[in-house]
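Report on the structure given below.
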DNA sequence: TTGAAAGCGCTAACAA
DNA sequence: TTGTTAGCGCTTTCAA
């Protein structure tokens, strides 16, 4: 690889001059020199050495994307349709802005921070973290951090975060179900913290508002893994007569359930109404098409990237907690039973 | 961030000694010193500076994953279910092996190589590349490269590649269709090079073997984008009576087609049989479940990572062209019409 | 308008 | 067994 020194030498100028024209600090360089240097740079096919730059300049132009994901055989952090859409846009946005993406999945906040520091990462986007990890990361990271879809233990406005009005829209889709005549609605999620907790809360509020029982008993915790899911659905199936509608905290589970019922000979929405949340690629591609809350994963990614870069470039010290709006999309998986 | 020098100073030893114990070159260090250094390292929370290491040692422990993907509004390289499974396992394997992943999507071989060189990337995994780009990359990259799912212009054994016996298994699933009594089978793909060309070739060979016409006319080129797909399917629909079965070069398109036919009131498999290729997450989750060729994206990723690392660590100079076997999975999307 | 020189943190050859 | 030193490629301050 050709170095600045070599370029300088072959031109009979100093490395400083070459470095200056590379960086456009050309106020103090004669037009002629600029042209000669530029030409040589091109001719010799100069490619900067980022390690040297990082070492000297104390910035790396790397943005770390860290993903918390439970370790499961045969499953990975990228596979989930929502995650992959997010990662894809983040990659694209980072690249377009002239930064580099380092991707790291882990369930250990400390490990992630070590990676970030060892590479002198300019900024961090953190996704899927629990409240405690967020706190740890915020307190120890030596670079700007933007969280995606996180909820926090302490003051949420102390964090840079881009999320969704989960509670509000979970309430809205629940109310939609109620308007369609449903009174006995089960809620299903694979955990009870963060985003899922908010969605559950939204569901409860909507139920209570209409004097319907949002009893503990209507919460189904979906177990992990293929067999876990199966077992949960079996349990649900056994109690199917108690409900006329099911609200899944994510489309993925909603679609699996539609298939499960299909296999059992139960028709959605005729015999059971189903709604999801996210509007991922499954929701649009299943039959019946899924009624759900549409959120724009791409937009979340875009805003997150924009935010870290704003902070990296010191155009903002802090961006705060951004909660996006969503949209109810009515499709074919709910029956009006009024 | 604390440096080796600081650790050394606070202990009254030299940086060399500290560096040596960090790297386990402890043959020439007294046990007592080792212990003291280790303790201090821990106490001060020493984190190595990778830029400095890279600069001094000329290796980075970064593995670049480069993905070729056509630039489309609202679509990205990670979103595709096959890609995301692949990326997910690659990330996990790289991390487990103690390397770092830099992800870069682009449709420009030169750009990708610049990124790789600028970061002194130790090795490269390239995915979705065309034959010409592969050649360019192989010839200019200064580090080991492993391709995934590529086909080449020149001697394929000159490349490190991990792929599938596409032609063979496309032949097998075509023969399966023929055994089920199908004689008029359309083939659909979104391009006609690389993997898709091989699958088309396999289809043609199987047809010819059974004295059936594999006419040019039965090849449908699926146009890009949502409207492109729609148009192609409309064209297919107009000619639906010419065929009893459809062979899609990828599950994604097969599943979209099943839905398309569903919306048109045409039942799969009763009125039209459909098969795909890949066995991605859609194939398992659509109803009727899709008959397809199962390939293991995760395994491809694992082998690719293992291969680059083998070359990086000089345990092999070359791994060659590995073509994996696949498996026919018979599900519910084909009707026996014999 | 241009250049010399120090220093970023680390490794490795060599000396003590 | 331990330490000194040069150098990796680049940026930046300061001097010319």
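Chains as they are written, first to last, in my numbering: chain G, 8 to 345; chain L, 8 to 345. A virtual CB, placed ideally from N, CA and C, is assigned to each residue, including glycine.
Below-8 angstroms beta-carbon distance, residue i vs any chain G residue
i	result
residue 269 of chain L	yes
residue 125 of chain L	yes
residue 102 of chain L	yes
residue 75 of chain L	no
residue 83 of chain L	yes
residue 70 of chain L	no
residue 121 of chain L	yes
residue 62 of chain L	yes
residue 26 of chain L	no
residue 92 of chain L	yes
residue 294 of chain L	yes
residue 167 of chain L	no
residue 331 of chain L	no
Close-in-space but distant-in-sequence residues of the same chain around residue i (CB under 6 angstroms, 5 per side omitted)
i	result
residue 25 of chain L	11, 14, 15 and 44
residue 345 of chain G	188
residue 253 of chain L	193 and 281
residue 66 of chain G	129
residue 214 of chain L	221
residue 203 of chain L	196 and 256
residue 287 of chain L	88, 89 and 258
residue 304 of chain L	89, 92 and 93
residue 179 of chain L	335
Contact with chain L by residue i, beta-carbon distance below 8 angstroms
i	result
residue 232 of chain G	no
residue 57 of chain G	yes
residue 86 of chain G	yes
residue 96 of chain G	yes
residue 111 of chain G	yes
residue 289 of chain G	yes
residue 89 of chain G	no
residue 264 of chain G	no
residue 136 of chain G	no
Nonlocal neighbours in the same chain, by C-beta distance under 8 angstroms from residue i, ignoring five residues either side
i	result
residue 200 of chain G	137, 138 and 158
residue 31 of chain G	none
Coil, strand or helix - residue i by DSSP
i	result
residue 328 of chain L	strand
residue 66 of chain L	coil
residue 314 of chain G	helix
residue 160 of chain L	coil
residue 298 of chain G	strand
residue 120 of chain L	helix
residue 19 of chain G	coil
residue 202 of chain G	helix
residue 113 of chain L	coil
residue 152 of chain G	strand
residue 305 of chain G	helix
residue 219 of chain G	coil
residue 245 of chain G	helix
residue 285 of chain G	strand
residue 279 of chain L	coil
residue 268 of chain G	helix
residue 71 of chain G	strand
residue 334 of chain G	strand
Run of the beta strand (DSSP E) containing residue i, from where it starts to where it stops
i	result
residue 341 of chain L	Segment: none, residue 341 of chain L is in no beta strand (DSSP E) and carries neither H nor E.
residue 48 of chain G	First-last for residue 48 of chain G: 38-51, but that is the alpha helix (DSSP H), not the beta strand (DSSP E).
residue 168 of chain L	168-171
residue 130 of chain G	130-134
residue 253 of chain G	252-255
residue 228 of chain G	226-228
residue 194 of chain G	192-196
The alpha helix (DSSP H) enclosing residue i, as first and last residue numbers
i	result
residue 79 of chain G	Looking at the DSSP string, residue 79 of chain G is not in any alpha helix (DSSP H), and its letter there is neither H nor E.
residue 99 of chain L	88-103
residue 165 of chain L	No alpha helix (DSSP H) contains residue 165 of chain L, which DSSP labels as neither H nor E.
residue 144 of chain L	138-147
Close beta carbons around residue i, own chain, < 7 angstroms, minus the five adjacent residues each side
i	result
residue 40 of chain G	20 and 24
residue 249 of chain G	191
residue 319 of chain L	129, 130 and 151
residue 309 of chain L	96 and 100
residue 61 of chain L	67 and 127
Inter-residue CB distance, residue i and residue j (contact presumed, cutoff 8 angstroms)
i	j	result
residue 116 of chain L	residue 146 of chain L	That pair is no contact at about 10 angstroms.
residue 106 of chain L	residue 133 of chain L	Contact doesn't hold; Cβ gap of about 16 angstroms is too wide.
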